[in-house]
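In the numbering used here, the protein residues as written are 2 to 293.
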Amino acid sequence: MHRRLAFRSSNSLSYDARMSLPSPDTNRTCVVTGASSGIGSEIARQLARRGLGVTLVARREDRLRTLADELSSTCNIRAEVVSCDLTERSSRDRLAQALDDRGLTVDVLVNNAGFGTTGLAHQMDRDRELGMIRTNVEALVDLCMIFGRGMADRGGGAILNVASTAAFQPVPGQAAYAATKSFVLSYSHSLRAELGRSGVSVTVLCPGPVDTEFADTAGFEAGEAEGAAPKFMWIPADRVAQEAVDGLARGKAVVIPGLANRLTAIGGYFAPRRVVTSLVASRHPALQRTRP
Ligand SMILES: NC(=O)c1ccc[n+]([C@@H]2O[C@H](COP(=O)([O-])OP(=O)(O)OC[C@H]3O[C@@H](n4cnc5c(N)ncnc54)[C@H](OP(=O)(O)O)[C@@H]3O)[C@@H](O)[C@H]2O)c1
Numbered sequence: 002m003h004r005r006l007a008f009r010s011s012n013s014l015s016y017d018a019r020m021s022l023p024s025p026d027t028n029r030t031c032v033v034t035g036a037s038s039g040i041g042s043e044i045a046r047q048l049a050r051r052g053l054g055v056t057l058v059a060r061r062e063d064r065l066r067t068l069a070d071e072l073s074s075t076c077n078i079r080a081e082v083v084s085c086d087l088t089e090r091s092s093r094d095r096l097a098q099a100l101d102d103r104g105l106t107v108d109v110l111v112n113n114a115g116f117g118t119t120g121l122a123h124q125m126d127r128d129r130e131l132g133m134i135r136t137n138v139e140a141l142v143d144l145c146m147i148f149g150r151g152m153a154d155r156g157g158g159a160i161l162n163v164a165s166t167a168a169f170q171p172v173p174g175q176a177a178y179a180a181t182k183s184f185v186l187s188y189s190h191s192l193r194a195e196l197g198r199s200g201v202s203v204t205v206l207c208p209g210p211v212d213t214e215f216a217d218t219a220g221f222e223a224g225e226a227e228g229a230a231p232k233f234m235w236i237p238a239d240r241v242a243q244e245a246v247d248g249l250a251r252g253k254a255v256v257i258p259g260l261a262n263r264l265t266a267i268g269g270y271f272a273p274r275r276v277v278t279s280l281v282a283s284r285h286p287a288l289q290r291t292r293p
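Structural data, given as structure tokens:
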């Protein structure tokens, strides 16, 4: 708190003592990964509506360009596109270089890019499983290091990491995916404690089920994902993004959209592991499919 106040008095940048998002200014830069689809596109929309400039990152450049055009015309903000496969370290270096070349300083980092897999852990495609871990974990950690350093030096900024309610419990049928999200949750809490001393806020978003391209990419068959969780737990991507950005602005530690998802997360966290794993294993579509 003291540092933030000191920062405000000695700099023209205006981070409110409690708020972690900068005031509306198109010259501010919010890097949003996974902005070509789903939750990431909606988070970019929310930030643009708050008058902040956005840098949209993902592999599908055409989609990013369409979104950038929409945001710059409807919200009257600066929006640029960097096409990048975040799984590759060299691509992440190129992303940092591209921002540097444009003279952009990252005020807000949204680590949203990620994907899941489904099936029996020992039978997974090795390249895909390891690629998921590199995308969900390695890339997120690397971007926090690349951009978190500058934020800490400047004494302000905000990081939003996207985990999942799967972070609170083991999920047989999506073993490695749930473990990557537990990593993101734990890492974000520690990062928050460390960077908070430098005036940088860290929030972790833990959505329950959201209707995006996630289920298709993860390999759920038609109707399986919808059947795996009751309707009232599904929250639309735009609402998830709004709650996430509101939580980020208020400097919240954890955002779990939807009461049912908050209760599930608490239950999954505190219930004995044997109970949780048998319950999930008895219901997970991937395990129904592969039942001996
Ligand atoms: N949907 C859910 O039910 C749910 C629930 C909890 C948590 N989440 C988490 O929410 C985040 C967003 O997922 P979503 O639901 O919005 O799914 P989505 O619609 O499939 O979006 C995933 C995004 O990640 C990007 N991405 C994936 N791999 C990438 C890579 N190697 N390099 C760069 N970008 C990459 C994709 O872009 P390109 O393909 O264009 O690269 C896409 O923009 C993920 O971290 C996911 O784990 C989702």
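Virtual Cβ for every residue (Gly too), placed ideally from N, Cα, C.
In this model, L144 and L131 are separated by some 18 Å (Cα to Cα). The continuous beta strand (DSSP E) containing S84 extends over residues A80 to S84. Take V163, set aside five residues on each side of it, and the residues of its chain with a beta-carbon closer than 6 Å to its own are N113 and L206, in chain order. As DSSP reads the structure, T34 sits in a beta bridge with V58. Using a cutoff of 6 Å, the CB of V211 counts as near ligand 1, since one of the ligand's heavy atoms is closer than that.
Beta-bridge partners assigned by DSSP to V109: C31 and A159. Counting only runs of 4+ residues, the alpha helix (DSSP H) found wholly inside the segment 168-225 occupies 176-197 and 215-219, in chain order. With contacts defined as CB atoms closer than 7 Å, P208 and V241 qualify as a contacting pair. In this structure, V33 keeps its C-beta atom at 7 Å or more from the C-beta atom of V107. Within 10 angstroms of the beta-carbon of Q170 lie 16 or more other beta-carbons, which makes it buried. Taking the C-beta atoms as reference points, T136 is found no nearer than 7 Å to T166.
For E139, no alpha helix (DSSP H) segment is defined, and its DSSP state is neither H nor E.
According to the DSSP assignment, Q243 belongs to the alpha helix (DSSP H) that extends over A238 to A250.
Distance between D154 and S199, taken at the CA atoms: about 8 Å. Beta-carbon to beta-carbon, G39 and T278 are separated by about 28 Å, too far to satisfy the 8 Å threshold. A Cβ-Cβ contact shorter than 7 Å links A49 with I78.
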